[in-house]
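Trainee: Quick note on this note's numbering: the sequence shown kicks off at 6 and runs consecutively.
Cβ atoms here follow ideal geometry from the backbone N, Cα and C, with glycine treated the same way.
Sharing a structure below in structure tokens format, with a few things to ask.
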Amino acid sequence: MIWQALNIEEILHTIHDMNNVSEIDYLYIYRDSTYALALGILGPYVEQKNQPLQKEEGAANLIMSGEQIVVECMFDHIVNYWATNNF
């Protein structure tokens, strides 16, 4: 996986430690199912057996999925822009 091959988790540890970043201010990437959970990667809340999501968790999932769609659309625009420029 690219995340591990690039040693991103260790880089994030270094950035956080060198700058005395508190855990609440860590840098994160919102993941889809292709990424495993690790430092710096957040995913949607998941219902557990016999325990539905709380209202706030469902709302957070909805907001983050909307943000993910925006990012994916912008990424598509960037890819198409560079393809147009033969890069």
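State buried or exposed for leucine 17, treating a residue as buried only when at least 16 other CB atoms are found within 10 Å of its CB.
Mentor: Taking the first residue of the sequence shown as position 1, residue 17 is located at position 12. Flag for leucine 17 reads buried.
Trainee: May I ask which residues mark the beginning and end of the alpha helix (DSSP H) holding aspartate 37?
Mentor: The residue labelled residue 37 in the question sits at position 32 within the sequence shown. Here aspartate 37 belongs to no alpha helix (DSSP H), and DSSP marks it neither H nor E.
Trainee: Cβ of tyrosine 31 within 8 Å of Cβ of glycine 45?
Mentor: For the purposes of this step, residue 31 is identified with residue 26 of the sequence shown, where counting begins at 1. For the purposes of this step, residue 45 is identified with residue 40 of the sequence shown, where counting begins at 1. Taking 8 Å as the Cβ cut-off, tyrosine 31 and glycine 45 qualify as a contacting pair.
Trainee: Tell me the DSSP secondary structure of leucine 47 in three-state form.
Mentor: The residue you call residue 47 lines up with position 42 of the sequence shown. Strand, per DSSP.
Trainee: Look at the alpha carbon of glutamate 52 and the alpha carbon of glycine 71, and state the distance between them as a whole number of angstroms.
Mentor: Here residue 52 corresponds to residue number 47 of the sequence shown, with the count starting at 1. Here residue 71 corresponds to residue number 66 of the sequence shown, with the count starting at 1. Cα to Cα, glutamate 52 sits roughly 19 Å from glycine 71.
Trainee: Just grab the DSSP bridge partners of glutamine 56 for me.
Mentor: The sequence position of residue 56 within the sequence shown is 51, counting from 1. In DSSP, glutamine 56 forms a bridge with Gln53.
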